[in-house]
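Chemist: A single structure is presented below for examination.
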Amino acid sequence: MQSSSNTNAVLLHIATMGDIEQMIGRVIDNRLDKLKSITSTPVESKQENLFTRKETSERLKISLVTLNNWTNIGIIKAKRIGTRVRYTESAIEEALKNIAANRGGRG
1 MQSSSNTNAV
11 LLHIATMGDI
21 EQMIGRVIDN
31 RLDKLKSITS
41 TPVESKQENL
51 FTRKETSERL
61 KISLVTLNNW
71 TNIGIIKAKR
81 IGTRVRYTES
91 AIEEALKNIA
101 ANRGGRG
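Mapping the sequence shown onto UniProt numbering, position 73 (from 1) lands on 73, and the numbers just tick up by one.
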């Protein structure tokens with residue numbers, strides 16, 4: 001005697017070709033609606049410009065050695081892309097603010 005909760009049970013249903021087309025159409029429509037809702041959700045991707053060590057040192061008006069030291073002690077944050085070091089606009093701006101604050105707002 002088989003249990004009525006058998007998950008391997010086969011359900012036979014006689015359906016017309018039109019019924020099958022409608023069922024498949026509903027499944028496709030549901031999947032497309034889900035896909036549209038996923039892809040239409042705006043994703044904020046703030047792409048910042050990246051600057052080389054040389055460009056960054058020129059903007060901060062410091063030497064490359066000083067930039068390296070500041071990076072090592074955390075005054076400015078760097079991003080590593082493979083073996084290359086790059087600085088974001090926001091990291092440079094933050095360093096400029098810190099420099100101005102430490103100088104008491106002078107130059």
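Using N, Cα and C, we set each Cβ at its ideal position, and we do this for glycine too.
(1) Going by C-alpha to C-alpha distance, which of Lys97, Ile81, Tyr87 and Thr83 sits closest to Glu48?
(2) Indicate whether Arg53 and Ile92 have their beta-carbon atoms separated by less than 7 Å.
(3) Do Ala95 and Ile73 have their beta-carbon atoms positioned less than 7 Å apart in this structure?
(4) Specify the secondary structure class of Thr16 as computed by DSSP and reduced to three states.
(5) Cα separation between Thr66 and Gly82?
(6) Using alpha carbons as the reference points, say which of Arg80, Trp70, Arg31 and Gly25 lies closest to Phe51.
(7) How would you label Thr7, buried or exposed, when you count the other beta carbons within 10 angstroms and need 16 or more for buried?
(8) Have a look at Thr16 and Asp33 and give me their C-alpha separation to the nearest angstrom.
(9) Which residues bound the alpha helix (DSSP H) around Lys97?
Modeler: Concretely, from the data shown:
(1) Against the sequence shown, residue 48 aligns to sequence position 48. Among Lys97, Ile81, Tyr87 and Thr83, the Cα nearest to that of Glu48 belongs to Tyr87.
(2) Position 53 of the sequence shown, counted from the first residue, corresponds to residue 53. Position 92 of the sequence shown, counted from the first residue, corresponds to residue 92. Contact: no.
(3) Within the sequence shown, the letter at position 73 stands for residue 73. Within the sequence shown, the letter at position 95 stands for residue 95. Not closer than 7 Å, so no.
(4) Walking along the sequence shown from the start, residue 16 turns up at place 16. Of the three classes helix, strand and coil, the one that applies to Thr16 here is coil, per DSSP.
(5) As a position in the sequence shown, residue 66 is number 66, starting the count at 1. As a position in the sequence shown, residue 82 is number 82, starting the count at 1. Using only the alpha carbons, I get a separation of about 22 Å.
(6) The residue you call residue 51 lines up with position 51 of the sequence shown. Closest option to Phe51, Cα to Cα, is Arg80.
(7) Indexing the sequence shown from 1 puts residue 7 at position 7. With fewer than 16 other Cβ atoms within 10 Å, it is exposed.
(8) Residue numbering aside, residue 16 sits at position 16 when the sequence shown is read from its first letter. Residue numbering aside, residue 33 sits at position 33 when the sequence shown is read from its first letter. Whole-angstrom Cα-Cα distance: 26 Å.
(9) In the sequence shown, counting from the first residue as 1, residue 97 sits at position 97. Lys97 -> alpha helix (DSSP H) spans Glu89 to Asn102.
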